[in-house]
Amino acid sequence: TEFEGPALYTLTLVLAMNKDRYESLPDDLKAVIDKNSGHDFSVFAGGTQADADDPARQIAVDLGNNIITISAAEAEEWRRTVEPVYARWIDDMKSRGIDGQARIDEARALMGAYGQ
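In the numbering used here, the protein residues as written are 3 to 118.
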């Protein structure tokens, strides 16, 4: 599925560890985990996935798969439909001391700046 205009790409990568176990590690091992996780690793992993997208898309087309494009109007309808989910997430983040609306605004700004 493709979207007309900017769209937020979703790629889920998880590196999970029990916080108490992490805290019990010596500093040098924490540094190894920290260096290979977090924002910088997310950017790297997302980049490698993005690099593979076009070749993978072409393979799908070559195999006869149908690529569906969602129009901007339909995408806007979807956005309105999920707005309550965003509102609940913003409230949840606020309860954790995080400005969820600012995060959403930043993501949308980045989509506008870098979206295809």
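Glycine included, every Cβ here is placed at the ideal spot set by N, Cα and C.
So, helix, strand or coil for residue i, using DSSP?
i, result
"residue 6", "coil"
"residue 69", "coil"
"residue 19", "coil"
"residue 110", "helix"
Look at the alpha carbon of residue i and the alpha carbon of residue j, and state the distance between them as a whole number of angstroms.
i, j, result
"residue 106", "residue 81", "13 Å"
"residue 70", "residue 63", "11 Å"
"residue 23", "residue 34", "14 Å"
"residue 26", "residue 20", "10 Å"
"residue 45", "residue 66", "32 Å"
How is the alpha helix (DSSP H) around residue i delimited, first residue to last?
i, result
"residue 31", "29-37"
"residue 48", "40-64"
"residue 92", "74-97"
My assumption, with CB atoms under 8 Å, is that residue i sits in contact with residue j. Please give the rounded CB distance.
i, j, result
"residue 1", "residue 15", "Since the first and last residues shown for the chain are 3 and 118, residue 1 lies out of range."
"residue 77", "residue 5", "5 Å"
"residue 100", "residue 3", "Actually they are not in contact, since the Cβ atoms of residue 100 and residue 3 sit about 30 Å apart, beyond 8 Å."
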